[in-house]
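Below: the structure, in structure tokens.
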Amino acid sequence: MPTTCVNCSKAVGDQQSNIQCDACKGSIHLTCTDLRAEDRVTRHKVRGIKIICNPCSSNIEIFANLKSMLDKYNEDLQQKINKIDGKVDEMAGRIVGLEDKLSVAGQYSTAQDTDKIANEAVDRMNRAKNIFVRGIPEHTGDIQQKKDHDKHILTEILQTVECNSVPITFFRVGSVANRYPRMIKVVMSSEYEARQILRNKSKLLERGNTRKVTIIDDKTPVQVEYLRAVRSELEVRKGNGEQNLTIKYIRGVPKIVNFRN
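Just add 2 to the spot in the sequence shown (first one is 1) and you have this note's numbering.
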């Protein structure tokens, strides 16, 4: 049965007038390619030169487009999976945090104070996204100038503590005093962002213009009272001769520990 050209489907004659497709190994007329007769010899000597017939060329293009579509689909799918994983981790962290907060709240309540425990847990969750920044001088201009000034300083502070997020809102709290600048309450988008800022707040000491700036979390009245009690206990124990004691936060709860251990 005579061989036909895979490009034009016509019969192929002697080998000198045709060439083989490197993909399907089918025969192709030289006249059906851009090759001249002398190019056939060059192609045999230089195997890096590939000849592809029209059907194979079309299939290769189709497969290339399909691969590109699959790669894009996989990339989009991976981004969605990463986003879902992040949400799952955040929710898991919030659940663990809620369990810890409920456990700590029990230190200040009796078994009959169920409402107080629940309210304390909700209050802590609401405050978990907040931080307070102390030590930023207050601008003496009008309201907008003061707002712009605080925004500029807060942006520098967030960059220093390696937080790329933008606060939902921020404002000064308390009455104006000549002696000390008022604290700035900063509301972030999530508890994770607030924790990241608190975790890296020591980086403020590395820059001269932020060394006097401090960042604290937004404590509930119960947390403030408990911290005050822990500090009082620390002073009593030091007064009794105990040494190397300090307060350390363990899973969000202040405890007295020996810093040499």
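We put the CB at the ideal spot given by N, CA and C, even for glycine. Here the structure is a predicted model, which means the values were calculated and not measured.
Take the Cβ of Ser-60 as the centre, count every other Cβ of all protein chains shown within 10 Å, and call the residue buried at 16 or more, exposed below. If you number the sequence shown from 1, residue 60 lands on position 58. That one is exposed.
CA-to-CA distance, Lys-149 to Leu-200, given in whole angstroms: Along the sequence shown, read from residue 1 onward, the residue named residue 200 stands at position 198. Along the sequence shown, read from residue 1 onward, the residue named residue 149 stands at position 147. Straight-line Cα distance between these residues: approximately 23 Å.
Apart from the five residues on each side of it in sequence, which residues of its chain come closer than 8 Å, Cβ to Cβ, to Pro-139? Along the sequence shown, read from residue 1 onward, the residue named residue 139 stands at position 137. Same-chain partners within the cutoff: Pro-183.
Identify which residue in Lys-131, Arg-262, Gln-245 has its Cα closest to the Cα of Val-189. Walking along the sequence shown from the start, residue 189 turns up at place 187. The candidate whose alpha carbon is nearest that of Val-189 is Lys-131.
Inter-residue spacing [alpha-carbon to alpha-carbon] between Asp-24 and Ile-62: To locate residue 24, count along the sequence shown from 1; it is residue 22. To locate residue 62, count along the sequence shown from 1; it is residue 60. Roughly 12 Å separates the two Cα atoms.
By Cβ distance, which residues of its chain are closer than 8 Å to Asp-96, with the 5 residues on each side in sequence left out? Here residue 96 is taken as the residue at index 94 of the sequence shown, counted from 1. Here residue 96 is Arg; the residue named in the question, Asp, does not match the sequence. Closer than 8 Å at Cβ, skipping near neighbours: Met-127, Glu-193.
Straight-line gap, Ser-2 to Ile-218 (C-alpha atoms, nearest Å): Lying outside 3 to 263, the shown extent of the chain, residue 2 is not represented and no answer is given.
Between which two residues does the alpha helix (DSSP H) holding Ser-234 run? Working through the sequence shown from its first residue, we reach residue 234 at position 232. 223 to 241 is the extent of the alpha helix (DSSP H) around Ser-234.
Of the residues Lys-89, Asp-87, Glu-122, which one's Cα is nearest the Cα of Leu-104? The residue given as residue 104 occupies position 102 in the sequence shown. Of Lys-89, Asp-87, Glu-122, the residue nearest in Cα terms is Glu-122.
Along the chain, where does the beta strand (DSSP E) containing Thr-142 start, and where does it finish? To locate residue 142, count along the sequence shown from 1; it is residue 140. No beta strand (DSSP E) holds Thr-142; DSSP gives it neither H nor E.
Bridge partner(s) assigned by DSSP for Ser-192: For the purposes of this step, residue 192 is identified with residue 190 of the sequence shown, where counting begins at 1. For Ser-192, which the question treats as bridged, DSSP gives no partner whatsoever.
Expressed to the nearest angstrom, what Euclidean distance is found between the alpha-carbon atoms of Lys-257 and Thr-116? Here residue 257 corresponds to residue number 255 of the sequence shown, with the count starting at 1. Here residue 116 corresponds to residue number 114 of the sequence shown, with the count starting at 1. Distance between the alpha carbons of Lys-257 and Thr-116: 25 Å.
Go ahead and pull the three-state DSSP assignment for Val-98. Numbered from 1 along the sequence shown, position 96 holds the residue referred to as residue 98. DSSP places Val-98 in helix when its eight states are reduced to three.
Rounded to whole angstroms, how far is the Cβ of Arg-129 from the Cβ of Thr-216, which I believe are closer than 8 Å? Here residue 129 corresponds to residue number 127 of the sequence shown, with the count starting at 1. Here residue 216 corresponds to residue number 214 of the sequence shown, with the count starting at 1. Actually they do not touch by this definition, with Cβ atoms about 18 Å apart.
Distance, Arg-262 Cα to Phe-85 Cα: Taking the sequence shown and counting its residues from 1, one reaches residue 85 at position 83. Taking the sequence shown and counting its residues from 1, one reaches residue 262 at position 260. The residue asked about is misnamed: residue 85 is Lys in this sequence, not Phe. Each residue's Cα considered, the two are about 41 Å apart.
Using 10 angstroms around the beta-carbon of Gln-225, count the other beta-carbons present and answer buried if the total reaches 16, otherwise exposed. In the sequence shown, the residue the question calls residue 225 occupies position 223. Buried: at least 16 other Cβ atoms inside 10 Å.
If you reduce the DSSP assignment to three classes, tell me which class Tyr-251 lands in. What you label residue 251 is simply residue 249 of the sequence shown in a count that begins at 1. Three-state DSSP puts Tyr-251 in a strand.
Limits of the unbroken alpha helix (DSSP H) element including Ile-217: Here residue 217 corresponds to residue number 215 of the sequence shown, with the count starting at 1. Counting along the chain, Ile-217 falls outside any alpha helix (DSSP H), though it belongs to the beta strand (DSSP E) covering 216 to 219.
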